[in-house]
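When the count follows the working numbering, it moves up by one through the sequence shown with no breaks and lands on 224 for the last residue. Note that the Cβ used here is the ideal one computed from N, Cα and C, for glycine as well. Note that the coordinates shown come from a computational prediction; the quantities given were computed from them, not determined experimentally.
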Amino acid sequence: MHCDDVAVTFRCPLSRPCDDGGLVMAPSNPSVILMCGLPASGKTTTAGRLHRALGGALIRSCDVYAELGISLPDWVRRTAGFTRDTAAYEHERDRAYGEMARRLEAALGAPARPVIVDAVHGEREKRRTMCEIAWRYHDTPILLWCRCDSVEEVRRRFAARDGRDAIPEHEASDLSVFRHIASLWEDPRDDEAAAADAERGLVVYDTLADRVQPLDAGGRTMCDAFARVLHATAVV
């Protein structure tokens, strides 16, 4: 299956019987895909694959950090691996999320769809902010939670970034970044929106096992479509 075919499938993932026995595609088309996950979980790679297959707009936290002059390697040194004086970094991180929210709103005012926001989105408040922007545009956001539960694989992925932290997508190259973000993590399954399936869909993508799984009713409507897109764009 070519990427163009997958894009059509993704934008119309549901079908219902027609009176003449054919199929009519149901209009289930998420305009907002919020990436979510710890560093080295595969978010940015996955977001890139989706964007290449589906088009639309891609907002990456690493690009926003670079444009705002926020350097993770510098903050690793300044905070001694996030063991002291982390409040100043959190302020900068909040500033970056504010800019991503602004860019999401601007993108939703333009025709390109879907809009993919590639960031950790590890805290409930940050996820809620992005969802509220989507809701203002009458869109149901899909939270795509990338996971890699293998400690060994996470370490391998960080090691592969060593010496490449000048490249925006590889700037989180020190394990202290992972530990700090993990200390702030709030499980998306516990979000208030998770109880209201019509407001948000939650899908988990195990990037090591290459397995997609829905975690709520909203996620179930999109799970197969995500799986098809990711299968078609798999790196072999």
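Below 8 Å, enough C-beta pairs join the segment 73 to 89 and the segment 114 to 124 to call them touching: three or more.
For Asp51, the uninterrupted alpha helix (DSSP H) run begins and ends at Ser49 to Leu56, by DSSP.
Rounded to the nearest whole angstrom, the C-alpha separation of Leu56 and Arg143 is 28 Å. Asp150: not part of any beta strand (DSSP E); DSSP gives it neither H nor E. Bridge partners of Asp127 according to DSSP: none are assigned.
Assigned with DSSP and collapsed to three states, Pro202 falls in strand. With a 10 Å radius around the Cβ and a threshold of 16 neighbouring Cβ atoms, Asp178 comes out exposed. When C-alpha distances from Arg48 are compared across Cys24, Glu141 and Gly207, the shortest belongs to Cys24. Around the beta-carbon of Ser29, 16 or more other beta-carbon atoms lie within 10 Å, marking it buried. In the three-state DSSP reduction, Cys136 falls in the coil class, being neither helix nor strand.
Across the structure, Thr128 and Arg65 are spaced so that their CA atoms are roughly 40 Å apart. In this structure, Ser19 and Val103 form a Cβ contact; the two beta carbons are roughly 6 Å apart against a cut-off of 8 Å. CA-to-CA, the gap between Gly206 and Val191 works out to about 8 Å. The residue among Arg216, Arg135 and Ile58 with its C-alpha nearest the C-alpha of Tyr77 is Ile58.
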